[in-house]
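Undergrad: Residue numbers (our numbering), protein chains in the order written: chain A, 20 to 293; chain B, 39 to 433.
Where a beta carbon is used, it is the ideal one built from N, C-alpha and C, also for glycine.
Note that this is a predicted model, so its numbers are computed, not measured.
Below you will find the structure I want to go over with you.
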C-alpha cells in the first residue's frame, strides 16, 4: 500500500438540489422506450403518480404490429382493463375520443417503493470532477395485470361448474382469518344474475366464521387501511420527459454542483466505529 | 374450449390425472384393449411432431383437452410410432444430408422447430413483417456482447421459404426480438478469438459472468475513473451508483468568522475552507419520502473530497477529517435502472439516464484502525509508571 502511487485525483462535489429517485425495472433488460411503430403513430410514454401513497405508474405503448401482437385478445383485455379502471375510479376521462373497442395498447408498470438501507448516491463525472447527489427513493416497476382479475372473475361466474383451474376459489382460506378475504369480494360484485350464487357462498362463509371478524389483527387492519387509502387517492398526471429531451437536460444541469467551495464535515472517521 | 370427453357428465373436482379414466377399465376391472389407429384421423400440418408430445403430456397431467381436442388421441398413441405420412421433417436431418455434418446444424435445428417449415401451406410467412432492426440494449451490455462477432457461419443456401437464422443473431431480427442466451466462454477464447466455442457449452449455461466478472470488474472500474485523466473531452456522462455506509458524514456549509476563506493543506493534501453562509447542520440524506413536512433539506453544494486512483487499481475516496473510503464494484443488476428527477411542483418526471455501474463504498479499515488507536491513546491519561502498559478496554 505504501508503494502504491496515486495516478489520478478527481475532486468530488456534492449537491442535493433535486429530488432524485432510482427507478428499477426488474423484468426489463432493455431500455424503456416506446416501440418505433408506436412512436410513429404519436404514442408516447406517460406517467402518473399518487403522491401520498408513493405509487407511480408508467404507461408504455405496446408494439401493435401484427407479428408481435394479438388483436383479438387485445380487445378482450382492453375491455377488462376498462372495467378495471372504472371500478377503481381511475378511468382516464377520455380526451374526447370514444373508442368503440378498447384495445390493450399500453403496458402499465406500477411502482413499489423499496426502503433504503444505506446512503445511496448518484455520481456523474463531469469536467473531470465527480459530482455526487443523494438519492431520495427507489422504486421498482412491474407490469400490472389487474385486467386479468376482472376477466377471470367474469369467466368464473359464467362457468360455474367448469372445473378450470383458473376458476378455483382462490387460495385456500387462511384458517385463522378467513373473513378479510371475503369482505373485499363482497364489495366489488356487480353482476346481476350470477351474483346470487356468489353472495350465497360468501354469506355462508361469513356466517360460519362470524366470530372471527373481530379477531382481525391490528397489522391486518393497518394493511387494509393503507390499501384502501391508496385506492381512494386519485392519480395525478405527470409529464414524462425522456432521456434526450430538453426538460431532462435542464434537470441534469441542476444535478451538478456549481459551488466551488468546500463543505464542512462535522463527522469523523470514528463515526463508523459505531 | 373443449372439455375432455370423459364418460361421466359433470366433471369431478378431483385431479383427473390421478383418477383412472373410466374408459380404460371394464366393469370386471380388467384392462380394456385399446385400439390405436395407425393413421391419425386429423392432423394439423403446421404443428411439429416434436412439440406434439408436449401438449399430450401436459394434457395428461391436467386432464383437460382445452384447445387441443385431438390431443387425447395422439396422447394414447404416444407409445406407438409416429404417424408416418404427414410427418414434417425436423431435427438434425431437417435439411438433408448437407447439413448433417455441420457443427452448427444442431444449433440451427433448435430453431427449426420455431421457424415455419416448407410444408406449411399458409402463405403468410412468419418472418415477413419483422422490422429487421435490432432490439435495443441497455448500454452497459455493450462490453460483453462485443465478443462473439468472430464467425459468420456459412450455411447452405436457403430453400424456398426457409430463412436461416443464427440463434445468436436473433436479436437483430426485430425490435421485439428476444435475447439469445450467451454462450459460455472458455478461458482460452479470450486470447484466441477465432476459435469457435465448444459445442458442450453452446446451450444454456449462463456462467459467463461469474467466471470473469471479478477480473473484468477491476478493469472496468479502472476504465471508469482512470481514463478520465487522458480523455477530458469525452464526458461520457455515465451515471454511477454509489452505496455508502449508513453513517454518511453530514456536511454543511458553515460560517467562518466573516473572513476570507482559509486555505491550508493537511498532510492528506486536502483543502479545507469554510464557506461564508450560515446554515444549520442537517443530514444531507433525507429519506424524505415518508414525511416531507418534517425533514428540512438543506441546500448543499460544494467540494467534499477527492477520489484517488492508485496505480494498483484501487480507488479511495478521501473526505475531510481523515475519512477514507474504499471503492469497490458492487454486484451489477442485469435489469434496467434509471435515475429520475421527480419535480412535483411542475408535475414533471425527467429521466436523467440509465445507471451504468454500481459501486460499493466502505470505510477503509487501515485508516479506521489507526484512528481508533489514536483516539484511544489521546483519551487516556498516562499515570506515572504506566507508560509501558497497555490499557484494557473495559467498556
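Run down chain A in chain order and give the residues with a C-beta less than 7 angstroms from the C-beta of residue 349/B.
TA: Taking the first residue of the second chain as position 1, residue 349/B is located at position 311. Correct list: 23, 24, 26.
Undergrad: What does residue 389/B reach in chain A if we use C-beta pairs closer than 7 angstroms?
TA: As a first step, residue 389/B is located in the second chain; it is residue number 351 there, counting from the start. By Cβ distance, chain A contributes 260, 261, 262, 267.
Undergrad: Scan the segment 276-288 of chain B for residues whose Cβ lies nearer than 9 angstroms to a Cβ of chain A and list them as they occur along the chain.
TA: Of all residues in the segment 276-288 of chain B, 276, 277, 278, 279, 280, 281, 282, 283, 284, 285, 286, 287, 288 have a Cβ within less than 9 angstroms of some Cβ in chain A.
Undergrad: How would you list, in chain order, the residues of chain A whose beta-carbon sits under 8 angstroms from the beta-carbon of residue 342/B?
TA: Position 304 of the second chain, counting from 1, holds the residue named residue 342/B. By Cβ distance, chain A contributes 31, 32, 33, 151, 281, 282, 284.
Undergrad: By the DSSP assignment, the alpha helix (DSSP H) with residue 166/A in it spans what residues?
TA: Here residue 166/A corresponds to residue number 147 of the first chain, with the count starting at 1. That run of the alpha helix (DSSP H) goes 165-177.
Undergrad: Please state if the CB of residue 75/A and the CB of residue 68/A are separated by a distance shorter than 7 angstroms.
TA: Position 49 of the first chain holds residue 68/A. Position 56 of the first chain holds residue 75/A. Yes; because the gap between Cβ atoms is below 7 angstroms, this pair is in contact.
Undergrad: Any idea what DSSP makes of residue 282/A, helix, strand or coil?
TA: Taking the first residue of the first chain as 1, we reach residue 282/A at position 263. Coil at residue 282/A, not helix or strand.
Undergrad: How about residue 143/A and residue 413/B: are their beta carbons less than 7 angstroms apart?
TA: Mapped onto the first chain, residue 143/A falls at position 124. Mapped onto the second chain, residue 413/B falls at position 375. Cβ atoms of residue 143/A and residue 413/B: not closer than 7 angstroms.
Undergrad: For the beta strand (DSSP E) that contains residue 69/A, what are its first and last residues?
TA: Indexing the first chain from 1 puts residue 69/A at position 50. Where residue 69/A is concerned, the enclosing beta strand (DSSP E) stretches over 65-69.
Undergrad: Run down chain A in chain order and give the residues with a C-beta less than 7 angstroms from the C-beta of residue 357/B.
TA: Indexing the second chain from 1 puts residue 357/B at position 319. 284, listed in chain order.
Undergrad: So with Cβ pairs under 7 angstroms, would you call residue 414/B a contact of chain A?
TA: Here residue 414/B refers to the residue found at position 376 when the second chain is read from its first residue. Residue 414/B does not count as touching chain A.
Undergrad: Under the DSSP definition of a beta bridge, which residues are partnered with residue 152/A?
TA: Indexing the first chain from 1 puts residue 152/A at position 133. Per DSSP, 141/A.
Undergrad: Would residue 44/A pass as an interface residue toward chain B - the criterion being a Cβ-Cβ separation below 7 angstroms?
TA: In the first chain, residue 44/A corresponds to position 25, counting from 1. So, interface residue.
Undergrad: Could you check if residue 332/B is buried or exposed, using at least 16 other CB atoms within 10 Å of its CB as the buried criterion?
TA: In the second chain, counting from the first residue as 1, residue 332/B sits at position 294. For residue 332/B, the predicted structure reports a pLDDT of 42, less than 50, and the residue's modelled location is therefore unreliable. A value from the coordinates is still provided. Answer is exposed; the Cβ neighbour count stays below 16.
Undergrad: Give the C-beta separation of residue 378/B and residue 40/A to the nearest angstrom, bearing in mind that I take them to be a contact with Cβ-Cβ under 8 angstroms.
TA: Translated into the one-based positions of the second chain, residue 378/B becomes position 340. Translated into the one-based positions of the first chain, residue 40/A becomes position 21. Contact holds; Cβ gap of about 5 angstroms.
Undergrad: Would you give the residue range spanned by the beta strand (DSSP E) that residue 204/B belongs to?
TA: Sequence index remark: in the second chain, residue 204/B carries index 166 (1-based). That residue, residue 204/B, is in no beta strand (DSSP E); it is neither H nor E in DSSP.
Undergrad: What is the rounded straight-line gap between the Cα of residue 235/A and the Cα of residue 241/A?
TA: Against the first chain, residue 235/A aligns to sequence position 216. Against the first chain, residue 241/A aligns to sequence position 222. Roughly 10 angstroms between the two C-alpha positions.
Undergrad: Run through chain B and tell me which residues come within less than 8 angstroms of residue 82/A, C-beta to C-beta.
TA: Position 63 of the first chain, counted from the start, is the residue given in the question as residue 82/A. Within 8 angstroms Cβ-Cβ: 213, 214.
Undergrad: Taking the continuous alpha helix (DSSP H) assigned at residue 102/A, which residues delimit it?
TA: In the first chain, counting from the first residue as 1, residue 102/A sits at position 83. Segment 90-106, the alpha helix (DSSP H) holding residue 102/A.
Undergrad: Less than 7 angstroms between CB atoms is the rule here; does residue 87/A satisfy it with respect to chain B?
TA: As a working mapping, residue 87/A is identified with position 68 in the first chain. At least one chain B Cβ lies under 7 angstroms of residue 87/A.
Undergrad: Would you say residue 57/A reaches chain B, if we count a Cβ-Cβ gap shorter than 7 angstroms as a contact?
TA: Position 38 of the first chain, counted from the first residue, corresponds to residue 57/A. No, residue 57/A does not count as interfacial toward chain B.
Undergrad: Could you round the C-beta distance between residue 304/A and residue 141/A to whole angstroms and report it? I think they count as a contact, below 8 angstroms.
TA: Coverage of chain A is limited to positions 20 through 293, which leaves residue 304/A absent and any answer about it impossible.
Undergrad: Since residue 37/A and residue 275/A should fall inside the 8 angstroms C-beta cutoff, what is the C-beta to C-beta distance between them, to a whole number of angstroms?
TA: Here residue 37/A is taken as the residue at index 18 of the first chain, counted from 1. Here residue 275/A is taken as the residue at index 256 of the first chain, counted from 1. That belief does not hold up - the Cβ atoms of residue 37/A and residue 275/A are roughly 10 angstroms apart, past 8 angstroms.
Undergrad: DSSP state of residue 415/B, grouped into three classes?
TA: Mapped onto the second chain, residue 415/B falls at position 377. In the structure shown, residue 415/B sits in a helix (DSSP, three-state: H, G or I).
Undergrad: What is the rounded straight-line gap between the Cα of residue 394/B and the Cα of residue 262/A?
TA: On the second chain, position 356 is the one that residue 394/B refers to. On the first chain, position 243 is the one that residue 262/A refers to. Each residue's Cα considered, the two are about 14 angstroms apart.
Undergrad: Identify the continuous alpha helix (DSSP H) that holds residue 44/A and give its terminal residues.
TA: Residue 44/A sits at position 25 when you count from the first residue of the first chain. No alpha helix (DSSP H) contains residue 44/A, which is instead part of the beta strand (DSSP E) from 39-44.
Undergrad: Would you call the segment 396-403 of chain B and the segment 353-367 of chain B in contact, with 3 or more CB pairs under 8 angstroms?
TA: Yes, since at least three Cβ pairs between the segment 396-403 of chain B and the segment 353-367 of chain B fall closer than 8 angstroms, the two stretches touch.
Undergrad: Residue 66/A touches chain B at which residues, Cβ-Cβ below 9 angstroms?
TA: The residue labelled residue 66/A in the question sits at position 47 within the first chain. Within 9 angstroms Cβ-Cβ: 387.
Undergrad: Rounded to a whole number of angstroms, what is the C-alpha to C-alpha distance between residue 175/A and residue 211/B?
TA: To locate residue 175/A, count along the first chain from 1; it is residue 156. To locate residue 211/B, count along the second chain from 1; it is residue 173. Those two C-alpha atoms are separated by around 40 angstroms.
Undergrad: Could you name the residues that DSSP lists as bridge partners for residue 256/A?
TA: The residue you call residue 256/A lines up with position 237 of the first chain. Bridge partners of residue 256/A: 67/A.
Undergrad: Would you check if the distance between the CB atom of residue 442/B and the CB atom of residue 396/B is smaller than 7 angstroms?
TA: Any property of residue 442/B remains undetermined from this structure, which presents chain B solely from 39 to 433.
Undergrad: Give the single residue among 25/A, 34/A, 284/A whose Cα lies nearest to the Cα of residue 270/A.
TA: Within the first chain, numbered from 1, the residue matching residue 270/A stands at position 251. The candidate whose alpha carbon is nearest that of residue 270/A is 34/A.
Undergrad: Taking the Cβ atom as the reference point for each residue, do residue 121/A and residue 101/A lie within a distance shorter than 7 angstroms?
TA: Reading the first chain from its first residue, position 102 is the one you call residue 121/A. Reading the first chain from its first residue, position 82 is the one you call residue 101/A. Yes. Within cutoff.
Undergrad: Taking CB distances under 7 angstroms as the criterion, tell me whether residue 378/B reaches chain A.
TA: Numbered from 1 along the second chain, position 340 holds the residue referred to as residue 378/B. It does: the Cβ of residue 378/B has a partner Cβ on chain A nearer than 7 angstroms.
Undergrad: Between the C-alpha atoms of residue 51/A and residue 156/A, what's the straight-line distance to the nearest angstrom?
TA: Sequence index remark: in the first chain, residue 51/A carries index 32 (1-based). Sequence index remark: in the first chain, residue 156/A carries index 137 (1-based). Straight-line Cα distance between these residues: approximately 19 angstroms.
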